[in-house]
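Input: a single structure, listed below in structure tokens.
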Amino acid sequence: MKTIGEKVQQQLREVIEAAVMQAKETGDLSIENMPVINLEVPREKTHGDYATNIAMLLSKQARMAPRKIAEIIADHLPAEGTLIEGMEVAGPGFINFFLGNGWLYEVIQDICQKGDDYGSTHVGAGEKVQIEFVSANPTGPLHMGNARGAAVGSVLANVMQKAGYEVTKEFYINDAGNQIIKFGQSLEARYLQALGQDVPFPEQGYKGQDVIDLMEILAQQEGNSYLEMDSSQRQEALITYALEKKIIAMKEDLHGFGVDYDVWFSEEALHTSGKVMQTLDSLKKKGYVYEKEDAYWFKATAFGEEKDEVVIRSNGVPTYFAADIAYHYDKFERGFDTVINIWGADHHGHVSRMKGGMKAMGVDPDRLEVIIMQLVRLVRDGEQVRMSKRSGEMITLNDLVDEVGKDAARFFFVMRNTDSHLDFDLELAKSQSNENPVYYVQYAHARTHGILQQAYQKEVCMPAFESVDLSCLSAEVELDLIKKMLEFPSEIADAAKNREPHRMARYAQDLAGLFHSFYNNSRVLGEEQTIRDARLILVHAVQIVLRNTLDILGITAPERM
RNA sequence: GCGCCCGUAGCUCAGUGGAUAGAGCACUGGCCUCCGGAGCCGGGAGCGUAGGUUCGAUUCCUAUCGGGCGUACCA
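Quick note: the first sequence, position 106, residue 103 per our numbering, numbers continuous.
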């Protein structure tokens, strides 16, 4: 199923190719190979609806100036029987095509017909993709970095789903390892303190208020029933109790942020099921694990790394890296074609050795993609705020949602390329949230609703899109608006293929901007019927596309604000 | 030292090798008694530096300067 934009481009390509072949046959051009015909929408409107650079590409093999080639090709292009209304040779040798407006009106009908489904494509071809994101330590509340990951991951999942990938969202629970031991020590200290004992708090413990609260509640509910256990037993029991609470809380917090997972995967389960040791055995057999200084090492140097990595410590405990190899191998065993991880920049050093691990396990490392998200800097009064779970000084995801709302926060986090640092200015987000671009987009949607609502109240019937004459939509803003909506499916496809969810935020702003311009330029109600009906349909189409975009962004599309 | 990411307007950022590099904020000049002014229209100002590849470079390569992150028997 091709989109209208694709159909038009295909027709242009066929016509251009035929013209080049004809020029070759008549001897006007001497070329051997037909290059891929590249069509682009010129940045400048005066350069036409589409342009091709084929003349520049042919210049070398034809041994002619690009402009000369462009003129020859243009001479062989048929003027009749196509959408082409005009063409010109311009700049260094572009051939610009000017099309009539007829095909644009088909776009509006296409949108009205498809509704919520407009924008969906099959470029993903049902590829099974797993996206793992956030995967925060359950030892503390979710922070800004997690929030960025949550927004980016969920929008990427939405966009890829819309583009025809089969997407599974997964959260990896780091419920094993050193930080859990420290967590247990922290819990124990807080529990005992809650019971009035004067015990010291561990140096490396988690100082967050959430740990104190959790243990005070437990102390109130259960009293000193944990007091009789010995310390290690007590810590274990407290960890079990606290982790369950923490995970439930994380699920709720993420849900409140518009993020729901398909799978919650426990690291601890990898250890207890023996998968970690199985993976290490398998690597040993392949000769990629060896023993040195009482520890076991993964031969990362065999995969281009600078040094080998410990997988089992000299105390017999496997490292996080060992579990991670087992975890990622398990992902592929579960049948995913592609596995995408979204990690903070502080984990980037982990990427290549992880890929090395996959290669050692016989998995093509290119099937493991890691999106590295640059860190979020929290700014208050123009100064950077340092955040640390251990010190307990932080703004949590919940704080953020309470202050600026889910919609604004999500939009803010997903607006930027993941390669860029994100300065999150608390004062701006809290006190001046009206300036957040999300309102601009949502307001456009509310306006579409307002017009349609007014029409309804004035008993103006919504015309059937099939029977309306749209040809009176000829103002520049109207045509621009339609062209922008035409791009929607390919915008989604590109965002999905390139794993760039921020494009959808950009698209939303562009579309909203064009609609606001249209709104100020053209009235809908009060115009004579032909114009009114055509514009009503246009507004209806804009509403659909805006809603679909906001849907991908996980942001509500309000009817009024 | 080595590795990864980033240097684009006063600030925060867009810009799959193309023609005259775009938004928002800030500053500033306008907008019909009208479908919602959280809007619209206009103005000034910019690709860190130096080479290279190319018909053509903000985009690719190299070097260099500046910022961030990593370089644990932490995760």
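For each residue, glycine too, the CB sits at the ideal point set by N, CA and C.
* Going by DSSP, name the residue or residues bridged to I92. => Taking the first sequence and counting its residues from 1, one reaches residue 92 at position 95. I92 is bridged to T49 and V86.
* Asked: Quick one, are the C-beta atoms of T49 and I105 less than 8 Å apart?
  -> Numbered from 1 along the first sequence, position 52 holds the residue referred to as residue 49. Numbered from 1 along the first sequence, position 108 holds the residue referred to as residue 105. Contact flag unset, no.
* Asked: With a CB to CB cut of under 8 Å and the five nearest residues on each side skipped, what residues in its chain are close to V164?
  -> Taking the first residue of the first sequence as 1, we reach residue 164 at position 167. Excluding positions up to five away in sequence, the list reads V126, Q127, I128, A154, M157 and Q158.
* Asked: Looking at the structure shown, is A461 part of a helix, part of a strand, or coil, going by DSSP?
  -> Along the first sequence, read from residue 1 onward, the residue named residue 461 stands at position 464. A461 falls in the coil class under three-state DSSP.
* Return yes when the Cβ of L543 is within less than 8 Å of the Cβ of A493, no when it is not. => On the first sequence, position 496 is the one that residue 493 refers to. On the first sequence, position 546 is the one that residue 543 refers to. No Cβ-Cβ contact shorter than 8 Å links A493 with L543.
* So what does I368 bridge to, in DSSP terms? -> Residue numbering aside, residue 368 sits at position 371 when the first sequence is read from its first letter. Answer by DSSP bridge pairing, in chain order: I339.
* Between which two residues does the beta strand (DSSP E) harbouring S514 extend? -> Locating residue 514 in the first sequence gives position 517, where the first residue counts as 1. Not the beta strand (DSSP E): S514 falls in the alpha helix (DSSP H), residues H499 to N518.
* **Nearest-angstrom Cβ-Cβ length linking G116 and F485, presumed shorter than 8 Å** => On the first sequence, position 119 is the one that residue 116 refers to. On the first sequence, position 488 is the one that residue 485 refers to. Their Cβ separation, rounded to whole angstroms, is 5 Å, which keeps G116 and F485 in contact under 8 Å.
* To do: Spell out the partners DSSP gives M292 in its beta bridges.
  => Stepping through the first sequence from its first residue, residue 292 is reached at position 295. Before going further, note that residue 292 is Ala rather than Met in the sequence given. Paired residue(s): K289.
* **Alpha-carbon to alpha-carbon, S417 and F94** => As a first step, residue 94 must be located in the first sequence, where it is residue number 97. As a first step, residue 417 must be located in the first sequence, where it is residue number 420. Near 37 Å, if we compare the C-alpha coordinates of S417 and F94.
* To do: Give the range of the alpha helix (DSSP H) segment to which E77 is assigned.
  => As a position in the first sequence, residue 77 is number 80, starting the count at 1. No residue range can be given for E77, since it is assigned to no alpha helix (DSSP H) and is classified by DSSP as neither H nor E.
* Is P315 helix, strand or coil when you go by DSSP? -> Along the first sequence, read from residue 1 onward, the residue named residue 315 stands at position 318. In the structure shown, P315 sits in a strand (DSSP, three-state: E or B).
* Asked: Is the beta carbon of H73 sitting closer than 8 Å to the one on A20?
  -> Numbered from its first residue, the first sequence carries residue 73 at position 76. Numbered from its first residue, the first sequence carries residue 20 at position 23. Between H73 and A20, the gap from beta carbon to beta carbon is short of 8 Å.
* C-alpha gap between F421 and Y437, whole angstroms -> For the purposes of this step, residue 421 is taken as the residue at position 424 of the first sequence. For the purposes of this step, residue 437 is taken as the residue at position 440 of the first sequence. If I take the Cα positions, the gap works out to 19 Å.
* Asked: Using CA coordinates, which residue listed in Y453, R500 and M558 is at the minimum distance from H537?
  -> Working through the first sequence from its first residue, we reach residue 537 at position 540. For H537, the closest alpha carbon among the candidates Y453, R500 and M558 is that of Y453.
* To do: Under 7 Å Cβ to Cβ from L467, same chain only, skipping five residues before and after it: list those, please.
  => Position 470 of the first sequence, counted from the start, is the residue given in the question as residue 467. So the qualifying residues of the chain are Y102, I105, A531 and I534.
* Should A239 go down as buried or exposed, given a rule of 16 or more other Cβ atoms within 10 Å for buried? -> Here residue 239 refers to the residue found at position 242 when the first sequence is read from its first residue. It counts as buried.
* A320: which of H268, I549 and K403 sits nearest, CA to CA? -> Numbered from 1 along the first sequence, position 323 holds the residue referred to as residue 320. Measuring from the Cα of A320, the nearest candidate turns out to be H268.
* Asked: Contact between the stretch 162 to 179 and the stretch 363 to 379: three or more CB pairs below 8 Å?
  -> No: fewer than three Cβ pairs fall under 8 Å.
* **Where M558 falls, given that 16 or more other Cβ within 10 Å makes a residue buried** => Residue 558 sits at position 561 when you count from the first residue of the first sequence. Using a 10 angstroms sphere on the CB of M558, the tally of other CB atoms stays under 16, which defines it as exposed.
* **Anticipated Cβ contact below 8 Å, N567 with Q58, distance rounded** => Past the edges of the chain, shown from -2 to 558, lies residue 567, and the structure says nothing about it.
* Along the chain, where does the beta strand (DSSP E) that runs through E167 open and close? -> For the purposes of this step, residue 167 is identified with residue 170 of the first sequence, where counting begins at 1. In the DSSP assignment, E167 falls within the beta strand (DSSP E) that extends over E163 to I170.
* Asked: In or out: A122 buried (at least 16 other Cβ within 10 Å) or exposed?
  -> In the first sequence, the residue the question calls residue 122 occupies position 125. It counts as exposed.
* **Residue from G78, F180, G161 and T445 with nearest C-alpha to T237** => For this step, residue 237 is matched to residue 240 along the first sequence. If you compare the alpha carbons of G78, F180, G161 and T445 with that of T237, the shortest gap goes to F180.
* Just curious, the beta strand (DSSP E) that E306 is in, first and last residue? -> Position 309 of the first sequence, counting from 1, holds the residue named residue 306. Run containing E306: E306 to I309, per the beta strand (DSSP E) assignment.
* Asked: Based on Cα-Cα distance, which residue from L184, A144 and A191 lies nearest to T136?
  -> Taking the first residue of the first sequence as position 1, residue 136 is located at position 139. Of the candidates L184, A144 and A191, the one whose C-alpha sits nearest the C-alpha of T136 is L184.
* Could you pull the start and end residues of the alpha helix (DSSP H) that D477 belongs to? => The sequence position of residue 477 within the first sequence is 480, counting from 1. Unbroken alpha helix (DSSP H) run through D477: E473 to L483.
* Which residues in the same chain as Q201 place their Cβ atom closer than 6 Å to its Cβ, once the five residues preceding and following it in sequence are excluded? -> As a first step, residue 201 must be located in the first sequence, where it is residue number 204. Listed in chain order, the non-local C-beta contacts of Q201 below 6 Å within the same chain comprise K179, local neighbours out to five positions each way being set aside.
* Asked: For W261, which beta-bridge partners are listed by DSSP?
  -> Along the first sequence, one-based indexing puts residue 261 at 264. For W261, the pairing in a beta bridge is given by DSSP as F168.
* Start-end ranges of the beta strand (DSSP E) lying completely within the stretch 105 to 151, minimum 3 residues -> The qualifying runs are 125 to 129.
* Touching or not, the stretch 278 to 292 and the stretch 354 to 361, by the rule of three or more beta carbon pairs under 8 Å? -> As far as the Cβ criterion goes, the stretch 278 to 292 touches the stretch 354 to 361, which means the pair count is three or higher.
* **Cβ shell of H446 (< 6 Å), same chain only, five flanking positions each side left out** => Reading the first sequence from its first residue, position 449 is the one you call residue 446. Non-local C-beta neighbours of H446 in its own chain, meaning closer than 6 Å and more than five positions away in sequence, comprise E556, ordered along the chain.
* Asked: Just how far apart, CA to CA, sit K403 and T335?
  -> If you number the first sequence from 1, residue 403 lands on position 406. If you number the first sequence from 1, residue 335 lands on position 338. Spanning the alpha carbons of K403 and T335 requires a straight line of approximately 29 Å.
* Asked: Nearest-angstrom Cα distance between L224 and R231?
  -> Walking along the first sequence from the start, residue 224 turns up at place 227. Walking along the first sequence from the start, residue 231 turns up at place 234. If you draw a straight line from the Cα of L224 to the Cα of R231, it is about 8 Å long.
* To do: Compare the Cα-Cα distances from K352 to each of Q206, Y326 and V435 and report the closest residue.
  => Counting from 1 along the first sequence, the entry for residue 352 is found at position 355. Distances from the CA of K352 to each of Q206, Y326 and V435 were compared; the closest alpha carbon is that of Y326.
* Taking all protein chains shown into account, decide if M501 is buried (16 or more other Cβ within 10 angstroms of its Cβ) or exposed. => On the first sequence, position 504 is the one that residue 501 refers to. By the neighbour-count definition (other C-beta atoms within 10 Å, threshold 16), M501 is a buried residue.
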